[in-house]
Amino acid sequence: MLDLGYVRANLPVVEEKLRARGMDPAVVLGDFAAIDQNRRGGITHLEQLQAERNKKSTQVEALRIQAKAAEPLGLDAVAKFYEQITPLESDVRLLKELIENEEKHTASLIQQLNGILQSVPNLPQDSVPVGKSEQDNRVEKIWDGGEKLTSDGKPDTAYIPAAPSFHALPHWEIGERLGILDFERAAKISGSRFVVHYGQGARLERALANFMLDLHTREHGYTEVLPPYMVNSKSLFGTGNLPKFGEDLFHCDDKGPYTGQPQDNDHWLIPTAEVPVTNLFRDETLDESQLTTSFCAYTPCFRSEAGSYGKDVRGMIRQHQFQKVELVKFCKPEDSNAEHERLTRDAEAVLERLGLPYRRMLLCTGDMGFASAKTYDLEVWLPGQNLYREISSCSNFEAFQARRANIRFRPSGAAQGKAKKSEFVHTLNGSGLAVGRTYLAVLENYQQADGTVRIPEALLPYMNDPSKPRAEWETKIAPQRHTGRS
RNA sequence: GGAGAGAUGGCCGAGUGGCUUAAGGCGCACGCUUGGAAAGCGUGUAUACCGCAAGGUAUCCAGGGUUCGAAUCCCUGUCUCUCCGCCA
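Residues 261 to 746 in our numbering are what the first sequence lists, from first letter to last.
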């Protein structure tokens, strides 16, 4: 959510940034200015009425006390006070009605304005290239064992990772031949867009997750979090998934259908750990000394994939459930751009240690997510399909989520004696990485001519029994005998 | 699932219809005091919105209701705790 005061004061800038995102400002903003003005007038009027009611109500009390004190003087004396009380009481009754009407009027204006504000996406930073679609995303880096640069130091966009000497297979064929992936039985027990892992394949998934968590917690300074896999709709509102993107989510209807109003007692399956982890600090004011706070979390992610029928139906690319290691940071506003670069590097480190070729893309204005001010996508090379696929998305949300989720911090170094005004933190997150897609990238990049898959060096300790001598360790995934459909 | 007790500021905690402008304490900040510190004393310590400002309004878990007036009374919901039952 953008700051109301900012939008009011910088309407032309907001309109220009919306146009850069490919949206029509007139449609997104509607009658913003007029509604805002009416709303402020309504609030002022309402508060005047309330002040008058409170004043008269207090007068009633004072007169009652006087009437009580006058009791010894006789009924006439008491009656004189009640002559004053009665009209005051009817005044208050009238005011009450006026207040109720004004409240309804103002509430509807506030709701309209909130509705507009909540549906306005974040504004892209100036460094984000203006463009319409993923075609306009900018290649920032190409990596294949090292950075691939042209002679003038720019990313060598003509570079393509070397193809193997044999015909490279897509991961679903590799996985089914090895007996480690089972899409058919997954469809039987759960439906389409699910997969079952067996044996060394199941272990590979777990090894990848442990490898990533160890790297981020031991070397990159993240604190591991294991959050709930269900969240309430208030949390989904905080990260910007609701109200606009509810159709992408799985909703547990145990408390009835979603009303459109964020609740704190309903249940939704998380589409990413970003939601529970970012909302850890919802409605909290942190101390400046707590920033920057960095969390990583390994969770399953559940996505309905509504509207993507027929897209990526083969393999593990697009599943209703996949596992992901997520990186989340809370920081001071002035640090968020530097933290964004750092977080993206932390995600890239996973790919580099696994020896997976990738490129870093800077998303253009038209391809960015709703809540993001700047996003890098990391795309891994898939030789079985001869293309790059998104494996991580690292975004700086600035204060957009913090404003929706009410996450603040109190500056500690403020001038002496001055009240320290709390500010919204900046939030960032990125995949570090999507484990399912890393799994298939390993399968495709490490496939051998004999159909086996070599285990990347970094994963060997995670795939083997460390108490055994290294010479006895398995270095490849061979066909599984007693599992799956091989 | 059954029975009971709760939910008040950063924290503890008082508060049964108007002297609450939320007591008191703790913590925190600043000042006085001191050679320096502690103690002591003093002052200040929520958020949001409207307003140029003075100021005003709202918020005592949430939503309704009663009343001239609700932190306080009534109804509904949520969460927490205790006991019983069931359970990985």
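Here a beta-carbon is modelled for each residue, glycine too, at the ideal position from N, C-alpha and C.
Which residues in the same chain as residue i place their Cβ atom closer than 7 Å to its Cβ, once the five residues preceding and following it in sequence are excluded?
i      : result
Ala675 : Because Ala675 carries a pLDDT of 37, less than 50, the predicted location of this residue cannot be relied on, and the following value inherits that uncertainty. Answer for Ala675: no residue qualifies.
Arg649 : Ile577, Glu639, Val640, Leu642 and Arg697
Glu394 : Asp627
Among the candidates the options, whose CA atom is the shortest distance from the CA of residue i?
i      : options                           : result
Arg619 : Lys401, Asn382 and Gln319         : Lys401
Ile440 : Gly575, Asn646, Val640 and Arg281 : Gly575
Ser682 : Thr410, Leu468 and Asp547         : Asp547
Leu502 : Asp513, Tyr518 and Val456         : Tyr518
Gly406 : Gln740, Leu616 and Tyr699         : Leu616
Gly290 : Ser379, Asp416, Gly334 and Val352 : Ser379
Glu544 : Leu369, Arg668 and Leu496         : Arg668
Phe505 : Glu565, Asn705, Tyr489 and Arg279 : Glu565
Trp733 : Gln740, Pro739, Arg741 and Pro721 : Pro721
Asp508 : Asn270, Asn525, Pro531 and Trp403 : Pro531
Ala701 : Arg602, Thr477 and Trp432         : Trp432
Arg437 : Arg279, Val399, Gly711 and Met490 : Gly711
Cys561 : Gln579, Tyr569 and Ala293         : Gln579
Pro716 : Gly302, Ala446 and Glu612         : Glu612
Where residue i and residue j are concerned, what is the direct C-alpha to C-alpha distance, given to the nearest angstrom?
i      : j      : result
Lys634 : Thr625 : 8 Å
Val713 : Glu599 : 36 Å
Asn656 : Cys556 : 16 Å
Asn382 : Gly629 : 9 Å
Gln460 : Met283 : 48 Å
Gln310 : Leu377 : 27 Å
Glu312 : Glu484 : 55 Å
Glu444 : Val573 : 13 Å
Lys496 : Pro384 : As written in the sequence, residue 496 is Leu, which differs from the Lys given in the question. Approximately 22 Å between the Cα atoms of the pair.
Phe341 : Ser317 : 15 Å
Arg300 : Pro285 : 22 Å
Tyr699 : Phe582 : 11 Å
Met723 : Gln740 : 15 Å
Leu703 : Ile295 : 56 Å
Leu373 : Lys364 : 14 Å
Lys328 : Leu358 : 31 Å
Ala738 : Val455 : 19 Å
Met490 : Gly481 : 26 Å
Gly435 : Ala709 : 14 Å
Leu475 : Tyr569 : 36 Å
Gly265 : Asp595 : 23 Å
Asn314 : Glu362 : 16 Å
Leu688 : Met261 : 15 Å
If you count every other CB in all the chains shown that lies within 10 Å of the CB of residue i, and 16 or more means buried, which is it?
i      : result
Glu658 : buried
Lys678 : Unreliable positioning characterises Lys678 in this predicted model, as indicated by a pLDDT of 43, which lies under 50. A coordinate reading is not provided.
Phe426 : exposed
Ile325 : exposed
Gly744 : Here the model assigns Gly744 a pLDDT of 48, short of 50, so the residue's position is not dependable, and the following value carries that caveat. Classification for Gly744: buried.
Gln707 : buried
Gln371 : exposed
Asp606 : buried
Thr735 : exposed
Ala269 : exposed
Residues in its own chain within less than 8 Å of residue i by CB, not counting five upstream and five downstream?
i      : result
Thr499 : Glu534, Val535, Thr538, Asn539, Ala631, Gln661, Arg664 and Ala665
Asn397 : Pro389, Gly391, Met621, Leu622, Leu623, Cys624, Asp627 and Asp637
Gly520 : Pro503
Ser746 : Summary for Ser746: the model assigns pLDDT 46, below 50, so the residue's position carries little reliability; its value from the coordinates is reported in the next sentence. So the qualifying residues of the chain are Glu436, Arg437, Leu438, Gly439, Pro739 and Gln740.
Pro272 : none
The ligand ADP and residue i: does the residue's C-beta get closer than 7 Å to at least one heavy atom of that ligand?
i      : result
Cys624 : This structure does not include the ligand ADP; it has no bound ligands of any sort.
In chain order, what residues of the same chain lie with their CB nearer than 6 Å to the CB of residue i, ignoring the 5 residues before and after it?
i      : result
Tyr558 : Ala469, Leu473 and Val585
Cys512 : His527
Pro593 : His686
Thr604 : Tyr636 and Cys654
Val267 : Val274
Cys591 : Leu551, Thr552, Glu599 and His686
**At least 3 beta-carbon pairs within less than 8 Å: the region 687 to 696 vs the region 419 to 433** = no
**Message:** Across the region 292 to 310 and the region 318 to 329, are there enough close Cβ pairs to call them in contact, namely three or more that are closer than 8 Å?
**Reply:** Fewer than three beta-carbon pairs drawn from the region 292 to 310 and the region 318 to 329 are found closer than 8 Å, and the two stretches are therefore not classed as touching.
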